[in-house]
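These notes are about the structure you will find just below.
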Amino acid sequence: MRRALAKGVIPLKSLLQILASEEAIEAAKRGELNIRKIRKRVDLEHYEVSKCLLGNAKRAILAGRLIVRTLTAPHPMVNEVHGVQAWCKQNDTLLTPDEAAPHGRIVVSLDEAISWLKSEGIPLPAWLKASKAETRNPSWQQGHHPLMQLLLGMAQAGYGFDPAASRNNCMGDISKAVGRHTNGCDQDTVRKWLHRATQGIPPKPGRQEAPLAIALAMAMDCWRYTQSSADKVAAEISADLASKEIDLPPEPIKALLIEAEQTLHRAIPRKT
């Protein structure tokens, strides 16, 4: 969980478990004075509180009041992803809290967790306030390399790439686009760079040729990028990335595409 908190997020499963444990202990103490009875009471209270919190969280996700994402790909929200929707609609009456808990990769930002708790009338735990205050990188976008953001966003908007999926069928299409418009690369190379983009891992200095080629090819393939339309296309790509909750203005997009052209020493053909 420390890794997640450093990014300004917390796994939803951990958040619900900690809240349930804390509330169960307090509820047990209010009802019992004997320490042995308290320990027995905690288990019962934990079950009831966990079930209540799980139900509230599911309803909030379905209503869009609680935005969930993935730890490996924190940019896009995954409220509409089938697996998340299926979990929210699952009948967990006969399941234990552990069995009904969300997947460990599902996270919420600290800001969104705090807003949700306030909307539910749940007192903010001291540890959550402290974590928010100590977070060095509370924004989803801070510290992420613009080229990696561009790769991730264009793959999502242009080819339906799903960062949360274990398998994507768009690698071949992207690889073919790179072959049509630049010097080409295989599917494994495309997969490698989209994985790095999903993880937010920037390219090493002097090793940007492949991701630049992939970005340029996607821009040409899906947005009809040409030298003469650079401003217009950069604005369109920026808007499409914003729909995937990736904040990248047109100016750095245009600069990256121009850099890609210069790096690859390839003239961009004018398309009709």
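Residue numbers (the numbering used here): 186 to 457.
In this text, a Cβ means the ideal position worked out from N, Cα and C, and glycines have one as well.
Please read these numbers as outputs of a predicted model, since none were measured by experiment.
What first and last residue would you give for the alpha helix (DSSP H) that runs through residue i?
i	result
Ser360	356 to 366
Val293	Where Val293 is concerned, there is no enclosing alpha helix (DSSP H), although the beta strand (DSSP E) it sits in stretches over 291 to 294.
Ala382	372 to 384
Ala285	282 to 285
His475	The shown model of the chain, from 186 to 457, leaves out residue 475, and the question about it has no answer.
Gly268	267 to 274
Rounded to whole angstroms, how far is the Cβ of residue i from the Cβ of residue j, which I believe are closer than 8 Å?
i	j	result
Ala445	Ala400	6 Å
Leu200	Ala298	6 Å
Gly193	Leu336	22 Å between Cβ atoms; not a contact.
Thr374	Ala395	6 Å
Measuring straight from C-alpha to C-alpha, what distance separates residue i and residue j?
i	j	result
His288	Gln412	45 Å
Pro323	Ile195	Residue placement at Pro323 is flagged as unreliable, the pLDDT there being 36, under the threshold of 50; the coordinate-derived value follows with that caveat. Between Pro323 and Ile195, the C-alpha separation is close to 11 Å.
Gly385	Glu430	15 Å
Leu441	Leu302	40 Å
Ala205	Asn264	23 Å
Lys236	Trp378	40 Å
Leu397	Arg254	27 Å
Leu251	Leu449	43 Å
Pro434	Met339	13 Å
Glu421	Glu436	12 Å
Gly249	Gly364	40 Å
Ser304	Val293	15 Å
Pro390	Gly369	21 Å
Asn354	Asp347	10 Å
Under three-state DSSP, which class holds residue i?
i	result
Pro196	strand
Thr411	coil
Thr448	helix
Leu238	helix
Gln334	helix
Arg244	helix
Worksheet item: Using 8 Å as the Cβ pair cut-off and three pairs as the minimum, do the segment 356 to 364 and the segment 403 to 418 touch?
Response: Yes, they touch.
Worksheet item: How do the segment 234 to 243 and the segment 273 to 282 stand: do at least 3 beta-carbon pairs fall below 8 Å, yes or no?
Response: Yes, they touch.
Worksheet item: Okay, do the segment 328 to 348 and the segment 418 to 432 touch, 3+ Cβ pairs below 8 Å being the bar?
Response: Flag = yes, the segment 328 to 348 and the segment 418 to 432 touch.
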